[in-house]
């Protein structure tokens with residue numbers, strides 16, 4: 001049996017990301033260490049995995065199944081794609097639920113290290129630099145648009161995420177993911 005046939009048998013003759021059977025090919029998930037990196041993907045997935053290609057979030061809705069694959073390379077690539085799609089609420093929720101072993105997480109992080117936050121630093125109202133995962137406290141009451149609650153002064157927001165705009169961070173208040181202005185936050 002050739003390597004390609006072994007891969008096709010493992011993948012049940014379908015894309016390991018979206019389950020399509022059209023234009024199947026081998027794809028090697030980039031890794032800094034020697035490991036089994038080969039997976040089977042379809043033509044549409046391959047086109048969107050090319051450098052600089054824009055991701056179609058409707059197509060990648062299929063990651064809801066592939067992130068739970070038993071194959072480490074499939075899980076790692078799914079995690080990296082979810083990381084890129086975090087602007088979509090479904091992808092952000094799935095990204096937060098995903099479980100990877102320590103080895104898989106280290107491998108997945110290899111692929112996103114070069115795309116980490118660059119540019120001006122994100123600062124709180126006191127000028128302290130904020131990082132992904134920090135906890136912050138609201139310095140005033142904030143009316144939350146689109147909801148019927150007010151985020152109260154003194155509310156602690158854990159595990160914030162930086163955005164492309166250094167004036168905003170993402171965090172959960174009362175179980176709702178919000179974009180918060182850094183001028184109303186202080187590092188906890």
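In full-length UniProt numbering, the protein residues as written are 1 to 188.
C-beta atoms are modelled at their ideal positions from N, C-alpha and C, and glycine is treated no differently.
- A direct Cα-to-Cα measurement between residue 130 and residue 155 gives close to 17 Å.
- For residue 27, DSSP records a beta bridge to 39.
- A check of alpha carbon separations from residue 22 across 41, 74 and 65 identifies 41 as the nearest.
- Secondary-structure assignment with DSSP links residue 171 through a beta bridge to 178.
- Nearest to residue 106 by C-alpha distance, out of 76, 4, 66 and 81, is 76.
- If you look at residue 75, you'll find it in the alpha helix (DSSP H) that goes 72 to 84.
- The Cβ atoms of residue 108 and residue 100 lie closer than 9 Å to each other.
- In this structure, DSSP gives residue 10 a helical state, which the three-state scheme calls helix.
- In this structure, the CA atom of residue 93 is about 20 Å from the CA atom of residue 70.
- Taking the CA atoms as reference points, residue 84 sits about 9 Å from residue 112.
- With respect to the C-alpha of residue 82, the residue from 102, 103 and 56 having the closest C-alpha is 56.
- Taking the Cβ atoms as the reference, residue 31 lies roughly 7 Å from residue 110, within the contact range of under 8 Å.
- Apart from sequence neighbours up to five positions away, the residues of its chain that approach residue 132 with a beta-carbon distance below 6 Å are 161 and 162, ordered along the chain.
- Going by DSSP, residue 138 is part of the beta strand (DSSP E) stretching over 136 to 138.
- Rounded to whole angstroms, residue 170 and residue 157 show a C-alpha spacing of 9 Å.
- The DSSP-derived three-state label of residue 188 is coil.
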